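As structure tokens, the structure follows; a few thoughts come after it.
2 protein chains.
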Amino acid sequence: MPSAAAKQEDPNDSQPLWREAELRAADAMGRLMEFWGFRRHMGRLWTILYLSPEPMTTADLSETLQLSSSAVSLSLGELVHWGAVRKTWRPGERKDFYQAESSVWKLLRRVYERRELNLIREAREAFGDAQQHIDEARRGLGGEDRRRLDYMHQRLSRLNALSKAGERLVGLLVAGRMINPADLQSVEEEE
Amino acid sequence: MPSAAAKQEDPNDSQPLWREAELRAADAMGRLMEFWGFRRHMGRLWTILYLSPEPMTTADLSETLQLSSSAVSLSLGELVHWGAVRKTWRPGERKDFYQAESSVWKLLRRVYERRELNLIREAREAFGDAQQHIDEARRGLGGEDRRRLDYMHQRLSRLNALSKAGERLVGLLVAGRMINPADLQSVEEEE
DNA sequence: CAGTTTGTTCAAATTTTGCTGAACAGATGT
DNA sequence: ACATCTGTTCAGCAAAATTTGAACAAACTG
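Chains as they are written, first to last, in this note's numbering: chain A, 1 to 191; chain B, 1 to 191.
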């Protein structure tokens with residue numbers, strides 16, 4: 001008969017009691033990250049690491065989340081690339097160990113900097129180019145066509161201004177100066 | 001021989017000169033919206049409408065972007081649902097006409113309110129639940145297990161605080177009070 | 001140096017997503 | 001009531017993304 005009091009490390013069925021809660025939290029973060037444009041596993045892996053007091057190996061992670069080692073390798077690599085996870089090593093151990101970067105605020109800033117900022121900038125450039133082409137195309141025209149191109153030109157300049165504002169907004173967030181400190185309780189972290 | 005001076009409405013090849021620029025701008029917005037989690041066509045359609053001085057029909061749109069009427073109907077419906085596009089009608093015309101909501105700022109706020117806010121809220125709830133379960137599970141434990149659960153509990157409370165901060169941040173954006181007005185030139189719009 | 005252990009890359013298979021044409025439904029005019 | 005025009009929904013197809021097992025590569029052990 002199966003010993004009901006087995007503490008933790010049974011092969012299959014008897015996960016520690018808290019494992020379910022941990023997975024729920026990881027899934028929530030996974031949804032967040034997926035929505036946010038990353039692989040869903042990145043959020044799940046990061047959360048498991050973030051909740052673990054000890055660095056973990058790929059084998060640990062692969063077992064906890066029931067993922068193939070390739071999937072773990074891929075998503076973990078991307079997390080490392082984004083600076084969300086760091087490799088560490090243990091004397092005497094050959095495996096790589098991973099631990100979560102715990103300053104979420106810092107992570108957010110990095111993502112906005114490397115991703116959103118570029119994206120908006122590209123869009124703004126496209127709007128600017130289009131505007132310029134319209135500007136050239138409208139010279140010498142009159143009547144209905146001219147009215148239409150003037151309208152388009154004005155609208156494009158509006159889009160341009162908006163992207164510039166967005167760029168600045170994100171820039172301020174990245175620089176950490178966007179938030180009125182009085183509005184939020186501390187978002188600083190222990191790290 | 002083909003009359004070179006045909007004004008605009010040729011069947012196929014001779015698009016107006018400015019069409020290319022318009023499409024480039026639409027594509028930029030499409031990329032932005034796709035990245036942002038919407039269908040890419042939503043951004044493209046909206047831009048075409050935004051740049052047009054006159055309301056347009058589905059046929060116009062479908063022809064401009066070379067999309068099937070079903071694709072137009074689908075994405076346009078979603079745009080209407082998000083309040084990014086409005087239907088209008090012309091006396092004597094049976095078709096529906098569409099025009100873009102031109103206050104981009106208002107749109108952004110609506111999206112954040114209806115989407116991001118819910119998303120973060122759900123994540124926060126999940127973190128809270130997990131935290132509570134851990135809290136219950138750790139009672140009466142000692143030693144290694146207790147330490148681990150205490151750690152998890154503390155980390156979950158951190159995630160909880162962060163989501164709360166995020167919720168508040170987005171809330172302020174939605175309420176229009178997040179931005180330090182001195183930091184940005186006017187984001188107000190003509191409407 | 002041969003044999004392990006560990007991590008990464010690759011191609012095939014599966015799943016998911018997006019798009020289309022056709023069927024359908026609603027409305028309008030004859 | 002019928003015919004026509006317009007917009008929406010749906011089943012099937014095509015393209016894209018994810019996932020996996022296996023091959024490969026690298027680092028270490030004895």
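Positions of the beta carbon are idealized from the N, C-alpha and C atoms, including for glycine.
All values derive from a computational prediction rather than experimental measurement.
Report the neighbours of residue 104 of chain B on chain A: residues whose CB is nearer than 9 Å to its CB, in chain order. 158, 159, 162
Mapping DSSP to helix, strand and coil, what is residue 95 of chain A? Coil.
In three-state DSSP terms, what is residue 84 of chain A? coil
Alpha-carbon spacing of residue 121 of chain A relative to residue 162 of chain A, whole angstroms: 11 Å
Could you tell me if residue 81 of chain A is buried or exposed, where buried requires 16 or more neighbouring beta carbons within 10 angstroms of its beta carbon? By the 10 Å Cβ count, residue 81 of chain A comes out exposed.
Residues of its chain near residue 62 of chain A, where Cβ-Cβ distance is below 6 Å and the 5 sequence neighbours each way are ignored: Its chain contains 69, 72 as the residues whose beta carbon lies nearer than 6 Å to that of residue 62 of chain A, once the 5 sequence neighbours on both sides are disregarded; these appear in chain order.
Where residue 249 of chain B meets chain A, residues with beta-carbon distance less than 7 Å: Outside the shown range of chain B, which is 1 to 191, sits residue 249 of chain B, and nothing can be said about it.
Measure the CB-CB distance between residue 53 of chain B and residue 97 of chain B and report whether it falls below 8 Å. No, the Cβ-Cβ distance between residue 53 of chain B and residue 97 of chain B is not below 8 Å.
Have a look at B/75, B/106, B/17, B/50 and flag the residue whose alpha-carbon is nearest the alpha-carbon of residue 42 of chain B. Closest option to residue 42 of chain B, Cα to Cα, is B/75.
Under a Cβ-count criterion, where at least 16 other Cβ atoms within 10 Å of its own Cβ denotes burial, should residue 192 of chain A be classed as buried or exposed? In this structure chain A extends from 1 to 191, so residue 192 of chain A is not present and cannot be described.
Residue 28 of chain B and residue 123 of chain A closer than 8 Å at C-beta: yes
Please confirm whether residue 84 of chain A has its beta-carbon closer than 8 Å to some beta-carbon of chain B. no
Which residues in chain A sit within 9 Å of residue 38 of chain B, going by Cβ to Cβ distance? Ordered by position in chain A, no residue passes the 9 Å Cβ test against residue 38 of chain B, which lies about 12 Å from the chain.
Would you say residue 57 of chain B and residue 95 of chain B are within 8 Å of each other, going by their C-beta atoms? yes
Say whether chain B places a C-beta atom closer than 8 Å to the C-beta of residue 18 of chain A. yes
Are there 16 or more other CB atoms within 10 angstroms of the CB of residue 66 of chain A, so buried, or fewer, so exposed? Within 10 angstroms of the beta-carbon of residue 66 of chain A lie fewer than 16 other beta-carbons, which makes it exposed.
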